[in-house]
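**Student:** If you're matching positions, the sequence shown starts at 364 in our numbering and goes up one per residue.
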Amino acid sequence: HAPSPAITSAVDEGESCVMNFIRNIVSQEKKRCKEDGFDLDLTYILPRLIGMGFPSLGVESCYRNPMTEVEKFLNQRHGTAYRVYNLCRERSYPPTHFNGNAVTYGFEDHHA
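1) CB ASP404 to CB ASN438, shorter than 7 Å?
2) Would DSSP call THR467 helix, strand or coil?
3) Only counting the same chain, and skipping five residues up and downstream in sequence, which positions put a Cβ closer than 8 Å to that of TYR468?
4) For SER419, which beta-bridge partners are listed by DSSP?
5) Tell me which residues share the same chain as PRO418 and place their Cβ nearer than 6 Å to its Cβ, disregarding the 5 neighbours each side in the sequence.
6) Distance, Cα to Cα, PRO368 vs ARG446?
What follows is the structure, encoded as structure tokens:
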């Protein structure tokens, strides 16, 4: 028996609340983008420049920005007119993410 859509939705919303609670603890006093249904650890530095940590997949997305939510945010706010610059040499984005708009200019972590 599959759960009803109402139950599935309630579980998804509850899970989202728990994950957002955890992400807020990890963020500590950092400014978060909490608007239009998003709760992301990112900020507009300039109207066309956003700073954020490395978006994550899997378990790591419990305490970091989920890559799917970052993509949704960028696509909703900027369509396809954006570019993601990955400054982390140790990690890269899967090529299927960010509509092919991601490039890497890697620095060693904590040495930039």
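Note that CB positions come from ideal geometry on N, CA and C, so glycine has one too.
Just so you know, these numbers come straight off a predicted model, no measurement behind them.
**Tutor:** This is what the structure gives:
1) no
2) strand
3) TYR448, ASN449, LEU450
4) PRO429
5) ASN428, MET430, VAL433
6) Only weak support is given to the placement of PRO368: the predicted model assigns it a pLDDT of 45, under 50, and the question is left unresolved by the model.
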